[in-house]
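**Student:** Chains as they are written, first to last, in my numbering: chain A, 1 to 193; chain B, 1 to 64.
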Amino acid sequence: MSEFYRPELVEALKLVAEASDAVAADGHQRPVLVGGAAVELATLGELISGDLDIVTPWQADFEAALEKAGFVRSVGPGSFSRGFQHPNLSVGVEVVGSTLMDGRGSYDRVFLLRLDNGRAVSVICIEDLIADRMAQYNCPPSYDLQALDQAEKLYQLAFELDKTYLDKRIVEETSGDFDLAFLEKKAYARDND
Amino acid sequence: MREITIEELAVRVSQKKAEMGYSGGGFVQPNSGRRRTESKRALLRNIAAAAAERGEEPPFKANY
Numbered sequence: 001m002s003e004f005y006r007p008e009l010v011e012a013l014k015l016v017a018e019a020s021d022a023v024a025a026d027g028h029q030r031p032v033l034v035g036g037a038a039v040e041l042a043t044l045g046e047l048i049s050g051d052l053d054i055v056t057p058w059q060a061d062f063e064a065a066l067e068k069a070g071f072v073r074s075v076g077p078g079s080f081s082r083g084f085q086h087p088n089l090s091v092g093v094e095v096v097g098s099t100l101m102d103g104r105g106s107y108d109r110v111f112l113l114r115l116d117n118g119r120a121v122s123v124i125c126i127e128d129l130i131a132d133r134m135a136q137y138n139c140p141p142s143y144d145l146q147a148l149d150q151a152e153k154l155y156q157l158a159f160e161l162d163k164t165y166l167d168k169r170i171v172e173e174t175s176g177d178f179d180l181a182f183l184e185k186k187a188y189a190r191d192n193d
Numbered sequence: 001m002r003e004i005t006i007e008e009l010a011v012r013v014s015q016k017k018a019e020m021g022y023s024g025g026g027f028v029q030p031n032s033g034r035r036r037t038e039s040k041r042a043l044l045r046n047i048a049a050a051a052a053e054r055g056e057e058p059p060f061k062a063n064y
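Here it is in structure tokens:
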């Protein structure tokens with residue numbers, strides 16, 4: 001088990017890997033981890049996510065496999081959730097879409113995260129993850145400063161970056177309002193605070 | 001497809017963290033929760049309620 005990540009996250013990743021294997025065994029593309037849990041991995045657990053967001057067009061297959069892996073549909077008083085939760089782990093899983101960033105994310109850049117039990121989870125690339133946070137930031141008139149902070153930290157902690165692709169993706173996700181130069185300026189400014 | 005082990009990922013990010021001068025925790029701001037869907041809010045509420053039933057605190061801090 002990784003000593004750097006909280007055990008509940010690692011355990012949940014193993015179960016999602018098991019469900020992903022079931023989807024792949026049917027000849028489908030592996031579901032992809034996106035969102036807060038991907039940020040948690042990329043920041044070494046600095047951001048703690050309550051659930052694992054998954055993108056897959058094979059939602060029914062994945063969710064059936066998820067139930068076999070031990071998750072149950074999340075049910076609460078007076079509220080509806082599309083997600084699943086684990087009876088013993090304080091962690092959920094939710095399919096949030098059928099395509100990566102509504103078709104704009106790159107499946108070619110998705111990476112396979114190999115866990116210590118040999119199973120693996122597909123994870124969104126760091127460039128798309130940063131671009132996603134920039135899109136969340138770009139909500140005028142009240143810009144989401146927490147999302148910008150996350151984008152800056154992801155950028156600072158990224159150990160492999162395709163800057164050309166990252167710039168293109170930030171521009172795409174913010175409809176041209178922001179680019180990599182803006183993010184770099186912010187990240188370096190904070191760095192020198 | 002590119003592949004990395006979870007241990008390798010942790011080591012590489014840990015090195016970058018040290019390079020950037022970050023030590024300890026709390027240097028990444030949590031989600032504002034402004035864009036959270038109703039489904040997500042319900043899921044987090046349900047997870048927190050289940051944790052409370054087990055006498056545990058949920059590990060995440062979220063506005064739901």
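For every residue, glycine included, the Cβ atom is placed at its ideal position computed from N, Cα and C.
Three-state secondary structure (DSSP) at Gln29(B)?
**Tutor:** Taking the first residue of the second sequence as 1, we reach residue 29(B) at position 29. Gln29(B) falls in the coil class under three-state DSSP.
**Student:** Kindly indicate which three-state DSSP category Asp26(A) falls into: helix, strand or coil?
**Tutor:** Numbered from its first residue, the first sequence carries residue 26(A) at position 26. Asp26(A) falls in the coil class under three-state DSSP.
**Student:** What first and last residue would you give for the beta strand (DSSP E) that runs through Ser81(A)?
**Tutor:** For this step, residue 81(A) is matched to residue 81 along the first sequence. Residues 79-85.
**Student:** Alpha carbons only, please: which of Val75(A), Leu33(A), Gln156(A), Asp21(A) is nearest the one belonging to Ala64(A)?
**Tutor:** If you number the first sequence from 1, residue 64(A) lands on position 64. Minimum Cα distance to Ala64(A) is reached at Asp21(A).
**Student:** Suppose you measure from the CA of Glu46(A) to the CA of Met20(B); what does that come to, to the nearest Å?
**Tutor:** To locate residue 46(A), count along the first sequence from 1; it is residue 46. To locate residue 20(B), count along the second sequence from 1; it is residue 20. Computed Cα separation, rounded: 14 Å.
**Student:** Please tell me whether Ser23(B) has its Cβ less than 8 Å away from any Cβ of chain A.
**Tutor:** Numbered from its first residue, the second sequence carries residue 23(B) at position 23. Chain A, which has no Cβ nearer than 8 Å to the Cβ of Ser23(B), makes this no.
**Student:** Which residues does DSSP pair with Val32(A) in a beta bridge?
**Tutor:** The residue you call residue 32(A) lines up with position 32 of the first sequence. Paired residue(s): Val55(A), Ser122(A).
**Student:** Using a Cβ cut-off of 9 Å, which residues of the region 57-73 of chain A contact any Cβ in chain B, in chain order?
**Tutor:** Listed by position, the residues of the region 57-73 of chain A near chain B (Cβ gap below 9 Å) amount to none.
**Student:** State the CB to CB distance for the pair Arg2(B) and Phe111(A), rounded to an integer number of angstroms; the pair is presumed to be in contact (CB under 8 Å).
**Tutor:** Here residue 2(B) refers to the residue found at position 2 when the second sequence is read from its first residue. Here residue 111(A) refers to the residue found at position 111 when the first sequence is read from its first residue. Their Cβ separation, rounded to whole angstroms, is 4 Å, which keeps Arg2(B) and Phe111(A) in contact under 8 Å.
**Student:** Using a beta-carbon distance below 8 Å, is Lys153(A) in contact with chain B?
**Tutor:** On the first sequence, position 153 is the one that residue 153(A) refers to. Taking Cβ atoms only, chain B reaches closer than 8 Å to Lys153(A), which makes this a yes.
**Student:** Roughly how many angstroms separate the alpha carbons of Asp116(A) and Lys14(A), rounded to a whole number?
**Tutor:** Indexing the first sequence from 1 puts residue 116(A) at position 116. Indexing the first sequence from 1 puts residue 14(A) at position 14. Roughly 9 Å separates the two Cα atoms.
**Student:** Helix, strand or coil: how does DSSP classify Gly103(A) here?
**Tutor:** By 1-based counting over the first sequence, the position of residue 103(A) is 103. Gly103(A) falls in the helix class under three-state DSSP.
**Student:** DSSP three-state call for Phe71(A): helix, strand or coil?
**Tutor:** Taking the first residue of the first sequence as 1, we reach residue 71(A) at position 71. The answer is coil: DSSP assigns Phe71(A) none of H, G, I, E or B.
**Student:** Please report the distance separating the alpha-carbon of Phe159(A) from that of Ser79(A).
**Tutor:** Locating residue 159(A) in the first sequence gives position 159, where the first residue counts as 1. Locating residue 79(A) in the first sequence gives position 79, where the first residue counts as 1. Looking at the two C-alpha atoms, the distance is approximately 41 Å.
**Student:** Between the region 160-168 of chain A and the region 42-58 of chain A, do at least 3 Cβ pairs fall closer than 8 Å?
**Tutor:** No, the region 160-168 of chain A does not touch the region 42-58 of chain A.
**Student:** Leaving out the 5 sequence neighbours to the left and right, which residues in its chain are closer than 8 Å to Leu100(A) when beta-carbon positions are compared?
**Tutor:** Translated into the one-based positions of the first sequence, residue 100(A) becomes position 100. So the list reads Val32, Val34, Val55, Ser106, Tyr107, Val110, Ile124, Asp128, once near-sequence residues are dropped.
**Student:** Under 8 Å by Cβ, that's how I've got Ala42(B) and Gly76(A) pegged, so tell me the actual separation to the nearest angstrom.
**Tutor:** Your numbering for residue 42(B) matches position 42 in the second sequence. Your numbering for residue 76(A) matches position 76 in the first sequence. Contact flag correct, Cβ pair sits at about 6 Å.
**Student:** How would you call Pro58(B), buried or exposed, if buried means at least 16 neighbouring beta carbons within 10 angstroms?
**Tutor:** Numbered from 1 along the second sequence, position 58 holds the residue referred to as residue 58(B). Pro58(B) should be labelled buried.
**Student:** Which of the three DSSP states is assigned to Glu3(A) in this structure?
**Tutor:** The residue given as residue 3(A) occupies position 3 in the first sequence. If DSSP states are grouped into helix, strand and coil, Glu3(A) belongs with coil.
**Student:** Residues in its own chain within less than 7 Å of Asn138(A) by CB, not counting five upstream and five downstream?
**Tutor:** Reading the first sequence from its first residue, position 138 is the one you call residue 138(A). The answer, listed in chain order, is Thr174, Asp177, Phe178.
**Student:** Could you spell out where the beta strand (DSSP E) holding Thr5(B) opens and where it closes?
**Tutor:** The residue given as residue 5(B) occupies position 5 in the second sequence. It spans 2-5 - the beta strand (DSSP E) in which Thr5(B) sits, taken as one unbroken run.
**Student:** Can you list the residues of chain A that Ala18(B) reaches, using a CB-CB cut of under 9 Å?
**Tutor:** The residue given as residue 18(B) occupies position 18 in the second sequence. Residues of chain A passing the Cβ test: none, with the nearest at roughly 10 Å.
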